[in-house]
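A short write-up of the structure that comes next.
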Amino acid sequence: MEGFPILTLITFLPVLGMIFILLIPKESKFQIKLTSLVMVALQLVLAGIMMSQFNYNAGGVFEQSSFQFVEKVKWIEIPGVSWLGTVKIDYFLGVDGISMPMVLLTAFVSLIALISSWKIDKSVKGYFALFLLLDTGMMGVFVSLDFFLFYVFWELMLLPMYFLIGIWGGPRKEYAAIKFFIYTLFGSVFMLLVMIGLYFSTTETLTNGSKVFTFNLLAMMDKTNFTADGILSPFNPHNLRFIAYIALFVGFAIKIPMFPFHTWLPDAHVEAPTPISVILAGVLLKMGTYGLLRISYPIFPEITRELMWYIALFGAINIVYGALCAMAQKDFKKLIAYSSVSHMGYVLLGMASLTSVGINGAIFQMFNHGTITAMLFLIVGVVYDRAHTRGIEDFGGLASKLPVYTGFVTVAFFAAIGLPGMSGFISEAFVFVGAFSVPAIRILTVVSTLGIVLGAGYMLWTLQRIFFGKFNEKWSELTDLDTREYVMLIPLTIIIIFLGVYPSAMLNIMNTSVNVLAKFVNETSFLLN
Amino acid sequence: MDINSLIVSLNLIKPEIVITILLFLVIAFDLFYKDNAVIPYITLIGLLVSLVFAITGLPFKENAFSLTNSQYGLLAIDPISSFFKIIVLLASIFVVLFTIISDEVENLKIRKGEFYTLISGMVLGMLFLTSATDFVMIYVAMELLSLPSYVLSGFMRLRDRSGEASLKYVIYGSVSSGIMLFGISLLFGITGSTNLFAINAYLTNQSINYLTLGLSIIMIFVGIGFKISAVPFHFWTPDVYEGSPITITSFLSVASKAAGFIFLIRFIFTGFTNGVAQSGFWNILPVFDWQTLLIIIAVSTMTLGNFSALWQDNLKRMLAFSSIAHAGYMLLGIAVLSNQGILAVMVYFFVYLFMNLGAFLIVMIFADKIQSENIDDFRGVGLTSPFLGFALAVFLISLTGLPPTAGFISKLYLFFALVDANLIYVAVIALLNTVVSLYYYVRVLKHLYLSKPTEATPVIKMSYSVNLLITIMLIPVLLFGIYFTPLLDFAKMCMSFLIN
């Protein structure tokens, strides 16, 4: 595998598919769908190959030598003049134990979402072209190790997402799409500013010995690379690192979405078509927490330590507030959306502990939330496709009419509650163990456990209202799952149960890197003394 | 001035000479040749020849037309002037091509000769303005640029708004140029010279009354501010842009602005800067708090432009306000007062040329077919005319400044310059402005794609040549967003002033 650009391939395969699709006439809907399916399936195959080649003992995080599948070539190089330094940007990709689970998740959820898109009938060509572009953006974010590249991929997703919600969405799609767009751009302009600040504070030594400014994320994690007077350099006594950290954090928090920046999420989810909700909840939300782990944590370790209590606080608020909001919803899909807010809170709480157990739990929770919520949104889609309503009160006693469907729903709901034997249990347990072991955030952890109770409350109550009780005769025409829906739900169920029984399969991938990260964040000081 | 130096000087201004010949040719053809359909093509050829001379003139760095008793010339032919000449000429070529496509101007067959004469006159004025270093030359060039543009903005004389636009433009234009002339005479009174180099030398060596000097500078700013439509001299812009034919609007928004910007840059650099530090920052004469003034103008220009654009339903008017906002961003580049800042302005202008003209072109095509410039009449056009819709989407995204388009690179370099100069708070304001601008640009996309096409929505098919033109404008916008080395190398090479 040495030298084979597998990361480029896995990232740009969807774009290649997009180009093929643009060449197919728009009447050939089946060919368009098939091309997309092949591309996304190939992407999953590549992710599988990557996993089979993955070295579980390589740490990554801050040293390039222990990253895997690294590709680093010159992208932009402009020789400098006296007043303008050399501009050098690398095309720098690589994965470690933190990004590998996300690559797997992206490839897997994209495939599921693509199958779920099979029923799309409106402007098929545009839909699948945008879908594939979105896929490239997501994958690119998880494999970039250069801030510039990271930012380009990060922004690349916005436009396809806007159109996918805006054209194929529900009644208030226009409002939801623009809200999503503006919120995210608002966050990312701050990220841009931090990126430029870091660029002017970090240098990289070239082979000829000269020092040039760099966007290399790994270079920014080494104190010796900082300039003496850069605005984000720890050597500068008037540095703005603290403000930069907050700005960057807001940028990522909007994506997570963290309270109080979460309001775009329910709107976007409710209006988005089912497959896009699946992508949104399954992958997009992870980019926020991934960004924190990949960028904020190792580049600003001292500030992360200083602010861990606040991160935990927001995590706890997300957990409890999200759960309370979910409980009050009458719309099935909105309920799931708010449950996402709550579940992403666990990720924040686990991360805030700065222990390897907690961070392991957080990344595992990112993966599990991706699969479980994807399943929940598919479930909502199934019933909405048939009944054309999502009001929880409209249903009742569906279990007698749709027994198989109810079975899948029960699995997904129990997984979301965190029942032992399902993957969600392991990650939530890790998060709580990690967070509880840190005295500073112990009280917040105790408060957060309330989320589990509330979670069980709204999930079971929903299950009861929709599937049990008296059967509403209005729905006597409903049919049970069809083949396509089996194809989507069965793999998700298998993964959820498999990782619940044998979590090491995923934990082993991330463990080495997480240990390195936790050690790095706890022990590195960029401060002068 | 001896004959030898005259010949040398004439050699340096070949692009201008070509345009002068073109001007006469167009008039001659119009008078003596019945079929005026060839006039646009003659203009096009003239502009192309001039462009070739401008490109071959890139290495020049000399004074032209120096008077006998002075070492300074009327014109400075240096790489940065050639860069802006290229911008002006490219913009003119595109605008002439637009005019050939446009139905709007096509209806005025009989007056074609006039139209192209006036365009050529404007181009000549702009070319002289990019190099002018003597206030006499500057003023002449500026009037040469302004007078035809007053007429052109009122060219559709049968349309009410067009007349209003023209009148407004004339009144604002003459007042501001009068104020500027007064400022110039004050400056002449203080320094005893009309030449920027001589003024610089005088100010470096003598102590002078800063109050009068400051006043004269502000008065000259009025004239420049009018040309680049900076707040508070922008009031004419939306009305004139809305009332003029779209081709003229797009011409004013790019070429005329480019000429204004290079003049502003030269005015500050040549007149009031005492060399450049190693780091690229200018040692500006402490006459005046240049930076604060420029930042205030720039920030208010972009904020006003963006917030006003939010409420516009007329697309042309919206683009007018958006171009005010873009002038604000570019002014920020100048406000940094460093080579990096000017580099950012140059990169910005080069990209702006393609994205702004591109957006105007597509809006023009749509407006011609739909017979309306109102955004509500554009519902679903993106779905019925996919290529045009796609192109407009790319241009608007680039205007917003999102990757992977060139608009992102131009904004990125601007923010580089700002952060490098430690103007963080200004960068924050500019970035928040970008978020605001997203709303109105995306609003167009919303109408184009998110609304269902109605019965009235036309299916617009353009000829291959038009699609080719659009593709030519799309390529730099997409290519430089992903691989911007050539763009930056070129701008860096041209970032060089004549210093006496």
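If you read the sequences in order, they're chains A and B. Under numbering that gives the first Met the number 0, the first residue of the first sequence is numbered 0, with each subsequent residue one higher. Under numbering that gives the first Met the number 0, the first residue of the second sequence is numbered 0, with each subsequent residue one higher. We put the CB at the ideal spot given by N, CA and C, even for glycine.
In angstroms, rounded to a whole number, what distance separates the CA positions of residue i and residue j?
| i | j | result |
| --- | --- | --- |
| B/Pro475 | A/Ile255 | 35 Å |
| A/Leu33 | A/Leu22 | 14 Å |
| A/Met38 | A/Leu12 | 6 Å |
| A/Lys222 | A/Thr202 | 10 Å |
| A/Ser475 | A/Gly396 | 11 Å |
| B/Leu292 | B/Pro14 | 35 Å |
| A/Ile565 | A/Gly281 | Residue 565 of chain A falls outside the range modelled here, since chain A spans only 0 to 528, and no answer is possible. |
| A/Val94 | B/Lys226 | 52 Å |
| B/Arg378 | B/Ser450 | 5 Å |
| A/His368 | B/Ile361 | 44 Å |
| A/Leu6 | A/Val69 | 8 Å |
| A/Leu192 | A/Phe248 | 12 Å |
| A/Phe152 | A/Gly321 | 29 Å |
| A/Tyr337 | A/Ala455 | 14 Å |
| B/Asn199 | B/Phe268 | 9 Å |
| A/Phe251 | B/Asn355 | 32 Å |
| A/Ala325 | B/Leu447 | 35 Å |
| A/Phe3 | A/Leu323 | 49 Å |
| A/Phe424 | A/Ile318 | 15 Å |
| A/Ile9 | B/Val37 | 54 Å |
| B/Asn466 | B/Ala90 | 18 Å |
With 8 Å set as the bound, which would you pick, yes or no: does the beta-carbon of residue i sit closer than that to a beta-carbon of chain B?
| i | result |
| --- | --- |
| A/Phe91 | no |
| A/Leu158 | yes |
| A/Leu192 | yes |
| A/Ser27 | no |
| A/Leu163 | no |
| A/Gly196 | yes |
| A/Leu418 | no |
| A/Asn528 | The predicted position of A/Asn528 is uncertain, since its pLDDT is 47 and thus under 50; a value taken from the coordinates is nonetheless stated next. Answer no: the Cβ-Cβ gap between A/Asn528 and chain B never drops below 8 Å. |
| A/Val72 | no |
Assuming residue i contacts residue j (C-beta within less than 8 Å), just tell me the rounded distance between them.
| i | j | result |
| --- | --- | --- |
| B/Leu117 | B/Val150 | 6 Å |
| B/Phe134 | B/Thr98 | In fact, because the Cβ distance is near 33 Å, the residues do not count as touching under 8 Å. |
| B/Val441 | A/Phe180 | 6 Å |
| B/Leu50 | B/Leu88 | 4 Å |
| B/Phe59 | B/Leu11 | 6 Å |
With distance defined between alpha-carbon atoms, name the residue in the options nearest to residue i.
| i | options | result |
| --- | --- | --- |
| B/Gly274 | B/Asn499, B/Leu46 and B/Ala36 | B/Asn499 |
| A/Pro490 | A/Gly79, A/Leu157, A/Ser116 and A/Ile371 | A/Ile371 |
| A/Thr461 | A/Val379, A/Leu498 and A/Phe525 | A/Val379 |
| B/Ala53 | B/Val17, B/Leu212 and B/Leu21 | B/Val17 |
| B/Lys410 | B/Gly124, B/Gly332, B/Val458 and B/Leu387 | B/Gly332 |
Using a Cβ-Cβ distance under 8 Å, would residue i count as near chain A?
| i | result |
| --- | --- |
| B/Gln290 | no |
| B/Thr433 | yes |
| B/Gln277 | yes |
| B/Asn3 | no |
| B/Ser339 | The amino acid occupying residue 339 of chain B in the given sequence is Gln; Ser does not appear at that position. Output row for B/Gln339: interface = yes. |
| B/Pro383 | Inspection of the sequence shows that residue 383 of chain B is occupied by Thr rather than by Pro. No, because no Cβ of chain A sits closer than 8 Å to the Cβ of B/Thr383. |
| B/Ile396 | yes |
| B/Asp488 | yes |
| B/Ala420 | no |
If I measure Cβ to Cβ from residue i and keep anything under 6 Å in the same chain, skipping five residues before and after, which residues do I get?
| i | result |
| --- | --- |
| B/Gln339 | Gly279, Ala416 and Asp419 |
| A/Phe412 | Met458 and Leu462 |
| A/Arg293 | none |
| A/Lys210 | Thr202 and Thr204 |
| B/Met329 | Val344 and Tyr347 |
| A/Val408 | Ile378 |
Does the distance between the C-beta of residue i and the nearest non-hydrogen atom of the ligand GDP fall short of 7 Å?
| i | result |
| --- | --- |
| A/Phe467 | Although the ligand GDP was asked about, the structure shown includes no ligands whatsoever. |
By Cβ distance below 7 Å, which residues in the same chain neighbour residue i in space, the five residues on each side in sequence not counted?
| i | result |
| --- | --- |
| A/Gly79 | Thr85 |
| A/Phe431 | Thr444 and Thr448 |
| A/Phe212 | Gly84, Tyr198, Phe199, Thr201 and Thr202 |
| B/Ala390 | Gly357, Ile361, Ile469 and Leu473 |
Give every residue of the same chain whose Cβ lies closer than 8 Å to the Cβ of residue i, excluding the five residues on either side of it in the sequence, and list them in chain order.
| i | result |
| --- | --- |
| A/Asn510 | Tyr55, Gly96, Ser355 and Asn359 |
| A/Arg304 | Leu353, Val520 and Asn521 |
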